[in-house]
Amino acid sequence: MRLGFGSSVLRSTLSIRLLALGLSLTMATSLAAQEESKAPGRSASTQWFAGAASVEITPPADAKAWLAGYAARKEPSTGVEQKIYAKALVITQPKGEALALVTLDLIGVRRPITRRVADRIETRYGIPRKGLVLFTSHTHCGPIPNDSPEKWEIYGIDASTVTPNVEFTTELENKIVEAVGKAMAARKAVRIEHGEGKAGFAVNRRESTGNGFKIGVNPQGPTDHSVPVLKVTDQRTNKPVAVMFGYACHNTTLGAEQLKICGDYAGYAQAAIEKANPGAVALFVTGCAGDQNPEPRGTLELAQKHGDTLATAVNDALSGKLSPVSGSLKSVHAEPILHFAGPVDRYSYQSRLTEKGGPRDAHARRLINILAAGNVIDRNQPYPIQVISFGDDLLMVALAGEVVVDYSINLKARHAKPNRPLWVAAYANDVFGYIPSTRVLREGGYEGGEAYYYSNFPTPLASDTERIITEEVRRLIDELASPNSAPVPVATTPTLASPTSPNSARLIDPDAPPPPPAANEVPKPEAAPANPEAAPTTPAPAAPAAVPAPTP
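According to numbering that gives the first Met the number 0, the sequence shown is numbered sequentially starting from 0.
Have a look at this one:
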């Protein structure tokens, strides 16, 4: 029986099943602990243990959950085109180092969800905050997580109709914890390898108009067509356990007219990889795709085609020469503060009340209402960054938000080495908005700041954004390289920054396109591009337990 929505009977059933699941996972990990001494005779820093799990998160077909990504949608979902999942890959070493990589077929999750899930996972499984990453595929055909009450206003959705999304979010958090628990219990001695493929369907979407930039097609713009691949293989059976892969492209082949739940190209790629590698869990990680779109786009057939293209790139890499991963697993986590450009006073917002229905006018009115309610508008935004070293052979950087491709290109140029590639991932832990580079900020356009007028952010981000992020990445990489750098601890209470104002959870999905202009509105040259994500044309926790040892 699928876990249900809205029924007290089903909620009781859910509670019983979760209790039973917790007991069974505890027994499984306890049995695994008894086998630790039987691990092969390799040093603790070179022996890997890993397990993977997949848990379906699809709401019932008749749940009528609202789908994320397009404000042009005026009705909730009408069914399910493709199932969606929470997947987990847990990697540990005998001395207790632990890492949980979670992927979600969703547009994104906000920091409050990540914080709650991290607390539960640390309490139950002993994996600390800096050992957990929540990646999202950024599909625009998944349920909207209930992580910001203002989101419904921006989408133009009646808050009385969002019960399915509220219930989906509660189950989502439970199922993320469940997936990590199942992966923990499934750990065994493994071999880890990495490689890289190529895919070419992403295109830069920042098209110059001669008077700015619009969402379009820019074949000459920067892209990152690399497809990083991590393969985890059972040492005993030589069968695949997991395949994690990435690509820097918006997961938006399907447009606003798609009202059925679907993972888009990333969902089809995962399904194809799992079919080609029986027994493996395929996990998709979005790269720096903030200014990258699939091309062509607009139909279900194209989503399937792009998924097959990506799966072929992954399978080609798997059948080619892979590099082994050995050494110590280490991870670091930080939350530097980004700044909004300002000003944030009432007068500044009132001065924008000239468009009479335009996006800037609507944004100004929302911020004026926030101030009128006695709230303080926070100009600071915590920005989660994680850096993970898989021994001396692979480095992964996980960035929050919708990061533009410049970051991937520049960080690789600075930190990748011939014998240690750099995997730059985005849409991790807190998808709160676009993260422009200095170049994109200077050029303007949707990713360069206009997207924030469809949120409750006070202003676009400040000009020091790229410097703050890249300097923090460099510092974290240096910290991992330090001889005194400790492996991932397993009994440290996570340090999680608290919200800094009553509006700290005020942010909404930046991909929500603007509403149609009012009849009397005259667009201005600097106005935000209309409908940038439009339908494409056809063509406080208890003390955590130590991480239990796995079955070799």
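For glycine and all other residues, C-beta sits at the position ideal for the given N, C-alpha and C.
None of these values were measured; they are calculated from a predicted model.
* If you follow the beta strand (DSSP E) that L475 is part of, which residue opens it and which one closes it? -> Walking along the sequence shown from the start, residue 475 turns up at place 476. Counting along the chain, L475 falls outside any beta strand (DSSP E), though it belongs to the alpha helix (DSSP H) covering T464 to A480.
* Asked: What are the residues that DSSP puts in a beta bridge with T298?
  -> In the sequence shown, residue 298 corresponds to position 299, counting from 1. Partner(s): none; T298 has no beta bridge.
* Would the C-beta of W47 count as close to the ligand ATP, meaning under 7 Å from any of its heavy atoms? -> Ligands displayed in this structure: none; no statement on the ligand ATP is therefore possible.
* Asked: Where do the ends of the beta strand (DSSP E) carrying Y84 lie?
  -> If you number the sequence shown from 1, residue 84 lands on position 85. Y84 -> beta strand (DSSP E) spans Y84 to T91.
* Spell out a yes or no on whether the segment 262-273 and the segment 392-412 are touching, meaning 3 or more CB-CB pairs, one atom from each, closer than 8 Å. => no
* Q349 burial status per 10 Å Cβ neighbour count (16 or more: buried) -> The residue you call residue 349 lines up with position 350 of the sequence shown. So Q349 counts as exposed.
* Close Cβ partners of L475 (< 7 Å) along its chain, the five nearest in sequence each way excluded -> Position 476 of the sequence shown, counted from the start, is the residue given in the question as residue 475. Cβ-Cβ distances below 7 Å link L475 to V331, A333, I384 and V386 in the same chain, with the five nearest sequence neighbours on each side left out; the list follows chain order.
* **P111 in three-state terms, based on DSSP** => For the purposes of this step, residue 111 is identified with residue 112 of the sequence shown, where counting begins at 1. Of the three classes helix, strand and coil, the one that applies to P111 here is helix, per DSSP.
* Inter-residue Cα distance where the pair is V559 and F244 -> Lying outside 0 to 551, the shown extent of the chain, residue 559 is not represented and no answer is given.
* Got a sec: is the Cβ-Cβ distance from A424 to anything in chain B below 8 Å? -> Note that chain B does not occur in the displayed structure, where there is just one protein chain.
* How big is the Cα-Cα spacing for E401 and D61? -> Locating residue 401 in the sequence shown gives position 402, where the first residue counts as 1. Locating residue 61 in the sequence shown gives position 62, where the first residue counts as 1. Going by the C-alpha atoms only, they are around 31 Å apart.
* Look at the Cβ atom of Q291, then the Cβ atom of V176, and state whether they are nearer than 8 Å. => Reading the sequence shown from its first residue, position 292 is the one you call residue 291. Reading the sequence shown from its first residue, position 177 is the one you call residue 176. Not in contact: Q291 and V176 (Cβ atoms no closer than 8 Å).
* Identify, in the order they occur along the chain, each residue of the same chain with its Cβ nearer than 8 Å to the Cβ of T360, setting aside the five sequence neighbours on each side. => The sequence position of residue 360 within the sequence shown is 361, counting from 1. Looking at the sequence itself, residue 360 is Asp, so the reference to Thr does not match. Taken in chain order, the residues that qualify are R351, L352, T353 and E354.
* State the Cα-Cα distance for the pair R186 and Q92, rounded to the nearest angstrom. => Mapped onto the sequence shown, residue 186 falls at position 187. Mapped onto the sequence shown, residue 92 falls at position 93. If I take the Cα positions, the gap works out to 10 Å.
* To do: Count the C-beta pairs between the segment 429-440 and the segment 451-459 that are closer than 8 Å, then say yes if the count reaches three, no if not.
  => yes
* Out of I336, Y445, I468 and P323, point me to the one whose CA is closest to R190's CA. => Counting from 1 along the sequence shown, the entry for residue 190 is found at position 191. Nearest to R190 by C-alpha distance, out of I336, Y445, I468 and P323, is P323.
* To do: Might you give, ordered along the chain, the residues of its own chain that have their beta carbon closer than 8 Å to the beta carbon of N276, omitting 5 neighbours on each side?
  => In the sequence shown, the residue the question calls residue 276 occupies position 277. Excluding residues within five positions, the ones whose Cβ falls inside 8 Å are P239, V242, N314 and L317.
* **Residue from Y433, D223 and A71 whose Cα sits closest to the Cα of K411** => On the sequence shown, position 412 is the one that residue 411 refers to. Of the listed residues, the one whose Cα sits closest to K411 is D223.
* With a threshold of 16 other CB atoms inside 10 Å of the CB of G141, please say whether the residue is buried or exposed. => Here residue 141 corresponds to residue number 142 of the sequence shown, with the count starting at 1. Buried: at least 16 other Cβ atoms inside 10 Å.
* Asked: Residues bridged to M183 by DSSP?
  -> Translated into the one-based positions of the sequence shown, residue 183 becomes position 184. According to DSSP, which records beta bridges pairwise, M183 is partnered with nothing at all.
* Pairwise C-alpha distance: G215 and L253 -> Mapped onto the sequence shown, residue 253 falls at position 254. Mapped onto the sequence shown, residue 215 falls at position 216. Those two C-alpha atoms are separated by around 15 Å.
* Residue span of the beta strand (DSSP E) that contains W422, given as start and end -> Your numbering for residue 422 matches position 423 in the sequence shown. Counting along the chain, the beta strand (DSSP E) containing W422 begins and ends at L421 to A424.
* Given that a residue counts as buried once 16 or more other Cβ atoms are within 10 Å of its Cβ, and exposed if not, what is I434? -> By one-based count along the sequence shown, residue 434 stands at place 435. With 16 or more Cβ atoms within 10 Å of its Cβ, I434 is classed as buried.
* Cβ-Cβ distance between F134 and Y426 below 8 Å -> The residue labelled residue 134 in the question sits at position 135 within the sequence shown. The residue labelled residue 426 in the question sits at position 427 within the sequence shown. The beta carbons of F134 and Y426 sit closer together than 8 Å.
* Could you give the uninterrupted runs of the beta strand (DSSP E) lying entirely in the segment 290-372, keeping only those of 3 residues or more? -> 291-293, 328-333 and 336-338
* Okay, do the segment 70-83 and the segment 144-163 touch, 3+ Cβ pairs below 8 Å being the bar? -> yes
* Reduced DSSP secondary structure (H/G/I, E/B, other) of M0 -> Taking the first residue of the sequence shown as 1, we reach residue 0 at position 1. Any reading at M0 is ruled out, since the residue's pLDDT is 33, under 50, leaving its predicted position unreliable.
* Nearest to D118 (by Cα), restricted to the options L88, W151, T168 and N173 -> For the purposes of this step, residue 118 is taken as the residue at position 119 of the sequence shown. The shortest Cα separation from D118 among L88, W151, T168 and N173 belongs to N173.
* Considering only C-alpha positions, which residue in the set K150, V89, T122 and L131 is nearest to A67? -> Along the sequence shown, read from residue 1 onward, the residue named residue 67 stands at position 68. Among K150, V89, T122 and L131, the Cα nearest to that of A67 is on K150.
* Which residues does DSSP pair with H193 in a beta bridge? -> Taking the sequence shown and counting its residues from 1, one reaches residue 193 at position 194. Its beta-bridge partners are L229 and S322.
* Can you say whether D344 is buried or exposed, counting buried as having 16 or more other CB atoms within 10 angstroms of its CB? => The residue given as residue 344 occupies position 345 in the sequence shown. Exposed is the call here.
* **Where G319 falls, given that 16 or more other Cβ within 10 Å makes a residue buried** => In the sequence shown, counting from the first residue as 1, residue 319 sits at position 320. G319 is exposed by the Cβ-count criterion.
* Asked: Identify the residues that DSSP records as bridge partners of G209: which are they?
  -> Along the sequence shown, one-based indexing puts residue 209 at 210. In the DSSP output, where bridge partners are listed per residue, G209 has none listed.
* Asked: With DSSP run on the structure shown, which of helix, strand or coil describes R413?
  -> Counted from its first residue, the sequence shown places residue 413 at position 414. In this structure, R413 counts as helix in the three-state DSSP scheme.
* When the Cβ atoms of the segment 293-307 are set against those of the segment 99-116, are three or more pairs found closer than 8 Å? -> No, because fewer than three Cβ pairs between the segment 293-307 and the segment 99-116 fall closer than 8 Å, the two stretches do not touch.
* To do: Using three-state DSSP, classify R441 as helix, strand or coil.
  => The count along the sequence shown starts at 1 and reaches residue 441 at position 442. In the three-state reduction of the DSSP assignment, R441 falls in the helix class.
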